[in-house]
Each structure stands twice: as structure tokens, then as C-alpha cells.
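> Before I ask anything, let me first share the structure, which is written out below as C-alpha cells.
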Amino acid sequence: METTKIASFDRVSELKAFDDTKTGVKGLVDAGVSKIPRIFHHPSLKLSNPKPLPSDLLRLKTIPTIDLGGRVFEDVVKRKNAVEEIKEAAAKWGFFQVINHGVSLDLLEKMKDGVRDFHEQSPEVKKNFYSRDFSRRFLYQSNFDLFSSPAANWRDTFACTMAPNPPEPHDLPEICRDVLMEYSQQVMILGEFLFELLSEALGLNPNHLKDMDCSKGLLMLSHYYPPCPEPDLTLGTSQHADNSFLTVLLPDQIEGLQVLREGYWFDVPHVPGAIVINIGDLLQLITNDKFISLEHRVLGNKATRARVSVACFFTTGVLPDPRVYGPIRELVSEENPPKYRETTIREYATHFNTKGLDGTSALLHFKI
Ligand code: OGA
Ligand code: NI
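Under UniProt numbering, the first residue of the sequence shown is numbered 1, with each subsequent residue one higher.
Right under this line is the structure:
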């Protein structure tokens, strides 16, 4: 145990030194490191599935891809089919990809270019945005949970709250300002459409989830995963479930996202033009487990170029909001009693953030 003590003492100063550089993981790569610092080592990393996938799980393949018909379903049957597919995916995987989602493919590429441009600009300019003050409208940092998680991730991120109060242009860095505004507006429209289909999938009125303010807040995280010299020793993002009602994730051609189902890691493949959608913890809570918030992670980047992604979380996060959420009345009964106590989004998000990505579910804290 003595060694753990010494290691943890060193660790805090190493974390601090890394944070003080204000240039994140990208800074380490630019400095030409060939070995990753110890703070990024994941001691018990099991990168592959412990055993070959049993045959009954082989048939699951991976998360489904659902055609949203450009968000205009010309006949009721097509819409009903999409609702059925979403219902099945949300209940079994909590994850699916959407195509024909109505957001222009050109905008998706521009958004990813904007993320790359921000992270690849001069460190001197970028440093001005580096902060751990989460009340800031826009902030850039490496590992939001750097000092609380057991191991750091090979990832830098910039974060911005886009709704309910959209930022003023001057709140955003010039280099990606316009595309952040345009993309987030499109994500809000897509999100509202998805909440309609999800409400129908629950047998509720199409406006039910929207009327509960599930689409009110939008937090946008733009991740940058530089190439990693020792990708097998670390992760891009540790195992976690999302702190949201719903997450709209813009993926990269470089794969690496995996979802954990029945104890096995499934790769999320690159589907050209697709957007990944996943159910967050808050939707699992209010649906009383009808929809599930699946745990997922991102592997260390083995490619020679950086992987980028944009995760848009439908949540008001830590913003003050008195509204209380518990399992939806229509979805519980005597045989299916509420599994979670009521909470506010702020209470839930504060618990999630304080805990950090430690491989356990933040929802457990709210179980009855
Ligand atoms: C997240 C997340 C996955 C990715 O931000 O919560 O899971 O591919 N991101 O970056
Ligand atoms: Ni996630």
C-alpha cells in the first residue's frame, strides 16, 4: 500500500503541472512525447472483450441505423416504423445512428473543421480560454474531471452552453463562432424532432417530453483526441453514461467509440453522414428504465491524425432550475413502481460532475 501512497502524492503534482501548461494533451503531442505521462495510465485497462462474444450476442452486431426520412414522413406508416425502430433501439441499446436526419452534410463537415481549427490554432491564443471555472460561457480544458477521476483521458475539449440562453457572438472564439451558432441551431431542431418520436415511442402525446422541458437546455462539448503514442495504455474517454436527457453526437471517420452491452464492448462503426444519438441518464430516470442510458467509452486514438467529435447534451446542467423530475406518472403502475426518487437536473448534474468518470453510473445515487 505504501507504493500507492507515494504514487498518489506524485500524481497530484503531475496533474497540476499538466493543467498549468494550459495546452492540454495536444500540447504534449506538439512537444513530441513518445511515452504518455503516468497520469494517463489506466491501471486495470481491459481493452478487448475478456472472452469471445457468445453466439447469442453475436447476432446483435452493433447499434442500429435509423432512416429519419429527412424529417418529413410522407405517409403515416413510415413515421410509425421509425417510431418502432427508435423504441426498440432506445430500450435495448440506448444508442442508434440516424441518417437522412435533415442536417446538411456540408454543415457537419464545417462543424468538425471548426473544432479542429480551434484546437489547432496558436497555443498562445488558445490558452486564454483555458479554465476550470464552469460558470464561464465558453471554456477550453483537458479532462473536466482531471483532479477527481482515477486516470486522465487522452482528450482536450471546449465547452459551451447554447440554450436556453444562447451566447452572444463575442462570448465565442472568432475562429469557430459562426459554425457553432449554426450547428447548434440545427441540433436543437433535430433534438425536438427526436423528442417527438421518443414521446410517441413511449405511448405519450408527441409533445410530452418537450413540454417537460427536456429540449430546453443544450450543452455542447467539442472534443479533440490527438494521436496517442501509447494508445493501449489509456483511453480517449473513460467508461461513462451521459449526463443528459438525450445526446446528439457528431462522430468522426476515425472510429473509437464503443458501447457496453451485457458486459461486452461493441464498436460503433462509421456510417457516412450519420449522427449518433443516445439516451442519457435523465431520460432513463423519467422513463423508469423503459429507455436505457448505456455506458460507453472512446479508445485511445491509434490513428496518425486527430479524431474530433461534438457531443450536444440536452440538459440545463448546473443552471438553476427548480423543476423536479421523477419517473413519468403514465409510465409507472402498481406492478411497475418508480425506481428513482425525484431530483432536479442541477442536483443530478452536480453529482455527476463531482463524481467524475470513474466507471460507475451516476444514476445509482438516485435509485429507490
Ligand atoms: C461524450 C462522449 C464520445 C465521442 O462526450 O459524452 O461519449 O465520440 N463522447 O467523443
Ligand atoms: Ni458520452
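Here a beta-carbon is modelled for each residue, glycine too, at the ideal position from N, C-alpha and C.
(1) Do the stretch 188-208 and the stretch 129-144 touch if we need at least three Cβ pairs shorter than 8 Å?
(2) Return yes when the C-beta of residue 372 is under 6 Å from any heavy atom of ligand 1, and no when it is not.
(3) In this structure, how does DSSP classify residue 376 when only helix, strand and coil are distinguished?
(4) Pick helix, strand or coil for N353, following the three-state DSSP scheme.
(5) Pull up the distance between the alpha-carbon of A349 and that of A82, whole angstroms please.
(6) Identify the continuous beta strand (DSSP E) that holds G236 and give its terminal residues.
(7) Could you have a look at E2 and say whether DSSP puts it in helix, strand or coil?
(8) My output table needs one value for C228: the three-state DSSP class, helix, strand or coil.
(9) Counting along the chain, where does the alpha helix (DSSP H) carrying Y183 start and finish?
(10) Thinking just about the alpha-carbon of each residue, which of A152, D156, K112 is nearest to the one in G356?
(11) With V310 and L190 assumed to form a contact (beta carbons below 8 Å), what rounded beta-carbon distance in angstroms separates them?
(12) Following a CB-centred definition, is D117 positioned closer than 6 Å to any heavy atom of ligand 2?
(13) Going by C-alpha distance, which of E330, G27, E347, E230 is nearest E124?
(14) State buried or exposed for S184, treating a residue as buried only when at least 16 other CB atoms are found within 10 Å of its CB.
(15) Whole angstroms is fine: what's the gap from I63's alpha carbon to D267's?
(16) To test your reading of the DSSP string, which unbroken beta strand (DSSP E) runs of 3 or more residues are found completely within the UniProt domain "Fe2OG dioxygenase" (216-317)?
(17) Comparing C-alpha positions only, which one of R136, K16, T343, E85 sits nearest to D321?
(18) Rounded to the nearest angstrom, what separates I292 and A91 at their Cα positions?
(19) Cβ of H42 versus every heavy atom of ligand 1: is any distance shorter than 6 Å?
(20) State buried or exposed for M1, treating a residue as buried only when at least 16 other CB atoms are found within 10 Å of its CB.
Reading off the structure:
(1) no
(2) This structure cannot settle anything about residue 372, because the visible part of the chain is limited to 1 through 368.
(3) The chain is shown from 1 up to 368; residue 376 falls before or after that span and cannot be answered.
(4) Counting from one through the sequence shown, the residue named residue 353 turns up at place 353. Helix.
(5) Along the sequence shown, one-based indexing puts residue 349 at 349. Along the sequence shown, one-based indexing puts residue 82 at 82. Their Cα atoms are separated by approximately 31 Å.
(6) Along the sequence shown, one-based indexing puts residue 236 at 236. That run of the beta strand (DSSP E) goes 235-240.
(7) As a working note, residue 2 is residue 2 in the sequence shown. With a pLDDT of 44 at E2, under the threshold of 50, the predicted position of this residue should be treated as unreliable, though the coordinate-derived value follows. Note: E2 maps to helix in three-state DSSP.
(8) Walking along the sequence shown from the start, residue 228 turns up at place 228. Here C228 sits in coil by DSSP.
(9) The residue given as residue 183 occupies position 183 in the sequence shown. Taken as a continuous stretch (DSSP letters only), the alpha helix (DSSP H) holding Y183 covers 177-201.
(10) As a working mapping, residue 356 is identified with position 356 in the sequence shown. For G356, the nearest C-alpha among the options comes from A152.
(11) Looking up residue 310 in the sequence shown gives position 310. Looking up residue 190 in the sequence shown gives position 190. At roughly 13 Å, the Cβ-Cβ gap does not stay under 8 Å, so V310 and L190 are not in contact.
(12) Translated into positions along the sequence shown, residue 117 becomes position 117. No; taking the cut-off as 6 Å, the Cβ of D117 has no heavy atom of ligand 2 nearer than that.
(13) In the sequence shown, residue 124 corresponds to position 124, counting from 1. The shortest C-alpha separation from E124 is found at G27.
(14) The sequence position of residue 184 within the sequence shown is 184, counting from 1. Label assigned to S184: buried.
(15) Mapped onto the sequence shown, residue 63 falls at position 63. Mapped onto the sequence shown, residue 267 falls at position 267. For I63 and D267, the distance between alpha carbons rounds to 9 Å.
(16) 218-225, 235-240, 246-250, 257-261, 264-267, 275-279, 296-299, 307-314
(17) As a position in the sequence shown, residue 321 is number 321, starting the count at 1. It is T343.
(18) Translated into the one-based positions of the sequence shown, residue 292 becomes position 292. Translated into the one-based positions of the sequence shown, residue 91 becomes position 91. So the two alpha carbons sit approximately 6 Å from each other.
(19) Sequence index remark: in the sequence shown, residue 42 carries index 42 (1-based). Answer for H42: no, Cβ out of range of ligand 1.
(20) Here the question's residue 1 lines up with position 1 in the sequence shown. With a pLDDT of 43 at M1, under the threshold of 50, the modelled position of that residue is not reliable, and the figure given next carries that caveat. Label assigned to M1: exposed.
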